[in-house]
Amino acid sequence: MKKTIECLLLFVFLVIFLYLARGKLEAFFYNQGKDYFERSLDKEAIISYKNTLKINPQSLPARLGLARAYWDSKDYDKAAGEYNKVLNIDPFCLEAYKSLAEIYSQEGNYAEALIVINRAQDKIPGNPELSQSRGECCYAFVSSALDKSEKLFLENNNEEAISTLRDTLKWCPDFAVAQYMLGYYYFSIKDYDNAVFSLKQALLIDPQFHYAFKLLSQVYFRKGDFEKELSFAKEALASNSNNPTAYNDIGLALMHQERYAEAITYLQKAVSLEPNNVEYIYSLGSVYRDNKMFNQAISEYNKVSALKNNYPNVHNDLADIYDNLGNRAQATLEYQKEVQLCQQEIRSNPDSPILLNNYAYALNGLGESKKAKGIIDGVINSHPSYRPAYLTLSKIGERMQDRGLALSAMEKARQFSTGDGFIDNEISRLNEQPLPDTAVQLGQQDTICLKNGRSLRGRIKKEYPDRVVLEVQLGSSRGEVILYRDSIERIGKSQN
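Residues in the sequence shown are numbered from 1 upward in steps of one, following my numbering.
Now the structure itself:
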């Protein structure tokens with residue numbers, strides 16, 4: 001009996017000893033692991049923390065220490081696993097949430113990081129550290145998406161670029177630059193409604209975002225809404241009053257509305273702010289031209305040519321003005337300059353529709369209409385929606401005395417235009433212009449024999465060095481036909 005009692009007492013003492021020793025052993029291994037970790041001995045720290053957890057699997061400090069040691073040794077999967085175990089023990093552990101989100105962010109798994117932060121904010125609402133973590137995570141997420149989408153866009157993977165940025169903005173919508181870039185991508189694929197939505201989202205975030213106003217102006221120009229184009233161009237200027245681009249954009253918007261006097265004021269301001277910017281000088285020259293201020297236009301276009309001698313189409317523009325002024329010799333010289341520049345550029349860029357179109361336009365101006373038509377037919381075949389090519393083809397048709405070709409080309413150009421009033425005016429003019437071979441009944445008549453074998457009869461109203469204006473009659477109506485001298489074989493005047 002005595003022995004039985006002694007055994008029981010020994011057992012009780014042993015249990016008490018083991019219980020007391022267990023707590024001391026747990027503390028020993030934990031402190032040992034902490035010491036190893038502070039000395040950057042991560043492997044040893046991991047072993048000690050694991051020993052602690054063998055004694056007490058619910059030890060929160062040991063579990064956090066083990067997670068930190070795994071993270072420090074770049075074993076991110078195991079670190080994440082330990083932080084998740086911490087949260088199973090204590091769903092309010094701020095450190096575990098923040099660390100877990102940071103691990104996912106480091107691995108580029110930003111969506112998973114934001115899920116963790118959302119969980120944390122549900123448990124610990126209003127915590128400023130979590131708000132900061134969300135901001136940092138979103139910044140990294142959006143930066144990564146912008147880089148990735150830009151590469152995709154440059155590789156012409158536009159849809160994938162859009163998808164990448166759009167998916168990111170579902171998580172982090174409050175980034176004006178990202179909304180702007182999404183709007184730009186939509187603009188590039190002519191999805192103007194989505195472009196407008198994204199750009200307006202950017203402005204809700206940053207009401208002074210100059211570039212969003214500027215791009216919205218361009219969007220509405222493409223949509224043919226020139227009032228909104230002008231409105232957003234003015235908003236862009238209001239957000240940055242010393243920006244010459246904003247003055248240039250407003251000038252062009254006014255030009256589209258044929259408000260030339262106002263346009264000139266803004267374009268002059270743009271040029272005054274950047275006197276050597278060829279784009280602004282060219283815009284000013286173009287509005288002078290459209291406002292029939294030909295001498296001023298010539299001056300500006302010559303500045304463009306002096307600053308950049310290969311500026312596209314400037315010699316064609318000058319040639320057209322000289323033609324209007326009756327200076328055929330100078331017009332011919334400018335067309336020849338355009339031909340030479342295009343020929344040089346085409347050697348290194350033989351498929352450029354812009355260069356080929358400018359080349360064909362200049363050749364037509366020099367009277368080489370058949371050659372010009374062959375070139376422009378090739379451009380249209382390769383680029384069937386390239387609007388300038390149809391405008392050039394219309395000029396070629398007119399020069400070749402083929403009103404049907406001129407009209408059909410202009411009608412085609414209208415399909416790819418955004419409210420260009422001048423196209424409607426040109427179509428009206430071509431429809432009203434009498435056919436060159438129509439019989440006329442004007443009493444005493446002059447006769448013009450063309451190199452193509454046709455002859456026209458009417459009354460010569462005006463003569464210029466490069467062309468002749470012939471009045472003809474169709475039924476009870478009269479009209480004028482312009483005949484270029486390089487298409488005329490001879491002129492027979494009446495004796496009246």
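Backbone N, C-alpha and C define an ideal beta-carbon position, used for all residues, glycine too.
Quick check on the DSSP output: what are the complete alpha helix (DSSP H) runs of length 4 or more inside the region 208-276, in order along the chain? 210-222, 226-239, 244-256 and 260-273
Less than 7 Å between the C-beta atoms of ALA96 and TYR83, yes or no? For ALA96 and TYR83, yes; Cβs fall inside 7 Å.
Can you tell me whether DSSP reads LEU450 as helix, strand or coil? strand
State the Cα-Cα distance for the pair GLU107 and GLN208, rounded to the nearest angstrom. 35 Å
Length of the line joining the Cα atoms of PHE28 and ASN51: Computed Cα separation, rounded: 10 Å.
Which of helix, strand or coil DSSP assigns to PRO436: Since pLDDT at PRO436 reaches only 47, below the 50 mark, its modelled position is unreliable, and the value read off the structure follows with that caveat. Here PRO436 sits in coil by DSSP.
Which of helix, strand or coil DSSP assigns to LEU18: Bear in mind that the predicted position of LEU18 carries a pLDDT of just 41, short of 50, making it unreliable; the figure below should be weighed with that in mind. Note: LEU18 maps to helix in three-state DSSP.
Would you report the Cα separation of TYR184 and VAL271, rounded to the nearest angstrom? 27 Å
What residue from ASP174, ALA140, MET181 and SER231 has the CA that sits closest to PHE153's CA? MET181
Simplified DSSP assignment, three categories, for GLY492: If DSSP states are grouped into helix, strand and coil, GLY492 belongs with the strands.
Give me the Cα-Cα distance between TRP171 and ARG134, rounded to the nearest whole angstrom. 10 Å
Is the closest heavy atom of the ligand NAD to the C-beta of LEU204 under 6 Å? The model depicted lacks the ligand NAD and carries no ligand whatsoever.
Quickly, what does DSSP pair TYR484 with across the bridge? List them, please. ARG467
Does the region 391-401 touch the region 346-364, meaning 3 or more C-beta pairs lie closer than 8 Å? yes
Helix, strand or coil at GLY183 [DSSP, three-state]: helix
Roughly how far, in whole angstroms, is the beta-carbon of PHE92 from the beta-carbon of ILE124, given that I think they are within contact range, below 8 Å? 6 Å
If you follow the alpha helix (DSSP H) that LYS54 is in, where does it begin and where does it stop? 42-55
For SER286, which option in HIS256, PRO353 and LEU273 has the closest C-alpha, if you only look at C-alpha atoms? HIS256
Backbone CA spacing between GLN201 and ARG119 [nearest angstrom]: 27 Å
Below 8 Å on the Cβ atoms is my contact criterion, and I expect TYR49 with LEU66 to pass it. Report the Cβ-Cβ distance as a whole number of Å. 4 Å
Shortest alpha-carbon distance to TYR247 belongs to which of ASN431, ASN291 and ILE264? ILE264
Spatial neighbours of GLY251 in its chain, beta-carbon cut-off 7 Å, leaving aside the 5 residues before and after: ALA263, TYR266, LEU267, ALA270, SER283 and VAL287
Can you give me the Cβ contacts of ILE346 inside the same chain, cut-off strictly under 6 Å, excluding the 5 residues immediately before and after it? LEU355
Candidates SER305, SER352 and LEU391: closest to SER382 by CA position: SER352
Start and end residues, alpha helix (DSSP H) containing ILE115: 110-123
Give the DSSP-derived three-state secondary structure of GLY33 in the structure shown. helix
Among residues of its own chain, excluding the 5 on either side of PHE37, which ones have a beta-carbon nearer than 6 Å to its beta-carbon? ALA45 and ALA69
State the DSSP-derived secondary structure class of GLN281, mapped to helix, strand or coil. Looking at the sequence itself, residue 281 is Ile, so the reference to Gln does not match. It is helical.
Are the CB atoms of ARG429 and ALA413 nearer to each other than 7 Å? No, the Cβ-Cβ distance between ARG429 and ALA413 is not below 7 Å.
Pick out whichever of PRO57, TYR192, LYS74 and ASN349 has its Cα sitting closest to the Cα of ASP42. LYS74
Span of the alpha helix (DSSP H) holding SER105? 94-106
Going by DSSP, name the residue or residues bridged to LYS462. Paired residue(s): VAL469.
Buried or exposed: ASN324, going by 16 or more other Cβ atoms within 10 Å of its Cβ? exposed
On the DSSP letters alone, give me the boundaries of the alpha helix (DSSP H) that SER131 sits inside. 128-154
Go to CYS342, then tell me how far its alpha helix (DSSP H) extends in each direction, as first and last residue. That run of the alpha helix (DSSP H) goes 328-348.
Through-space distance from SER348 to ARG328, alpha-carbon basis: 31 Å
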